[in-house]
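K.L.:
Right, I'll just put the structure down here and ask away after.
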Amino acid sequence: KFLSTVKKELLQTARKYPSVCKAIEKQLLPRLRLERRDLFLTKAEFTFLVQAEMQVRIVGNNTLNDVVEFLHKMGQIVSLKRHVVLNIQQLSFFVLGPVMSPDSFHKYPKMYLRDGWVTKEVIGQALQDFKKRHQESVVEVDVEPAVEALEELGVCFELEDYPDVYCIPSH
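Counting the sequence shown from 1 gives a position; this note's numbering is that position plus 2.
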């Protein structure tokens with residue numbers, strides 16, 4: 003039942019905006035993946051790029067949301083609350099990899115609060131250290147959208163009474 007619902011939603015969006023979805027998927031996304039250094043785009047940036055680069059006018063937030071959700075469900079992008087990830091492999095390599103690696107946080111015992119509890123600062127430091135070890139990379143990873151992605155993917159969650167302190171259950 004779930005798959006039939008997803009299929010129905012995908013077909014409805016593809017039928018409503020066939021040229022836009024196809025053009026973004028086949029032309030814009032491959033080029034952006036090559037040209038963009040930053041892993042995360044705000045949804046406003048993504049909207050601007052779609053409208054400017056594809057020379058199409060997407061009228062209204064509902065239309066854009068439909069197109070973004072279509073691309074997300076097709077596995078072309080990852081749609082978060084406020085950001086869009088163009089390259090899923092880079093998200094896995096530069097964000098999920100360093101955060102899930104046990105040695106990422108043990109370098110900072112003074113900033114490592116308890117088992118699985120880390121500050122946003124420590125997460126940012128782990129991401130930067132990982133990037134330094136892979137100097138050939140040209141990818142820029144900002145900590146705010148990275149933490150947003152980690153929260154939405156269920157990898158970590160912010161502790162209610164402690165702002166900017168996160169629990170990463172695997173640690």
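All residues carry an ideal CB built from backbone N, CA and C; glycine is no exception.
Would you mind stating whether H74 and K45 have Cβ atoms separated by less than 8 Å?
P.N.:
Here residue 74 refers to the residue found at position 72 when the sequence shown is read from its first residue. Here residue 45 refers to the residue found at position 43 when the sequence shown is read from its first residue. No, Cβ-Cβ distance for H74 and K45 is not below 8 Å.
K.L.:
Give a yes or no on whether the C-beta atoms belonging to R39 and V141 are separated by under 8 Å.
P.N.:
Residue mapping note: residue 39 aligns to position 37 of the sequence shown, counting from 1. Residue mapping note: residue 141 aligns to position 139 of the sequence shown, counting from 1. Closer than 8 Å, so yes.
K.L.:
State the Cα-Cα distance for the pair E146 and H136, rounded to the nearest angstrom.
P.N.:
Reading the sequence shown from its first residue, position 144 is the one you call residue 146. Reading the sequence shown from its first residue, position 134 is the one you call residue 136. C-alpha separation (whole angstroms): 21 Å.
K.L.:
Please identify the residue among F42, L30, L31, T7 whose C-alpha is closest to the C-alpha of V149.
P.N.:
Taking the sequence shown and counting its residues from 1, the one referred to as residue 149 is at position 147. Nearest C-alpha to V149: F42.
K.L.:
Return the chain-ordered list of same chain residues with a C-beta closer than 8 Å to the C-beta of P100, the five sequence neighbours on each side being excluded.
P.N.:
In the sequence shown, counting from the first residue as 1, residue 100 sits at position 98. Same-chain partners within the cutoff: S106, A128, L129, D131, F132.
K.L.:
Can you tell me the Cβ-Cβ gap for L155 and Q78, rounded? I've got them flagged as a contact below 8 Å.
P.N.:
Along the sequence shown, one-based indexing puts residue 155 at 153. Along the sequence shown, one-based indexing puts residue 78 at 76. Contact doesn't hold; Cβ gap of about 17 Å is too wide.
K.L.:
Pull up the distance between the alpha-carbon of K83 and that of V157, whole angstroms please.
P.N.:
If you number the sequence shown from 1, residue 83 lands on position 81. If you number the sequence shown from 1, residue 157 lands on position 155. Computed Cα separation, rounded: 16 Å.
K.L.:
In the DSSP assignment, what are the bridge partners of F42?
P.N.:
Residue 42 sits at position 40 when you count from the first residue of the sequence shown. According to DSSP, F42 bridges with V87.
K.L.:
To the nearest angstrom, how far is it from the Cα of E153 to the Cα of K122?
P.N.:
For the purposes of this step, residue 153 is taken as the residue at position 151 of the sequence shown. For the purposes of this step, residue 122 is taken as the residue at position 120 of the sequence shown. So the alpha carbons of these two residues sit roughly 12 Å apart.
K.L.:
Could you tell me the distance, in whole angstroms, from the CA atom of N67 to the CA atom of P165?
P.N.:
Here residue 67 corresponds to residue number 65 of the sequence shown, with the count starting at 1. Here residue 165 corresponds to residue number 163 of the sequence shown, with the count starting at 1. So the alpha carbons of these two residues sit roughly 30 Å apart.
K.L.:
Report all residues from its chain with a CB closer than 8 Å to the CB of L93; omit the five preceding and five following residues, and keep chain order.
P.N.:
In the sequence shown, the residue the question calls residue 93 occupies position 91. Cβ neighbours of L93 beyond the five flanking positions: L41, V80, V87, A151.
K.L.:
Mapping the DSSP letters down to three states, classify V124 as helix, strand or coil.
P.N.:
To locate residue 124, count along the sequence shown from 1; it is residue 122. Helix, per DSSP.
K.L.:
From the DSSP output, in three-state form, read off E162 for me.
P.N.:
Translated into positions along the sequence shown, residue 162 becomes position 160. Note: E162 maps to coil in three-state DSSP.
K.L.:
What would DSSP say about S81, mapped onto helix, strand or coil?
P.N.:
Working through the sequence shown from its first residue, we reach residue 81 at position 79. Strand, per DSSP.
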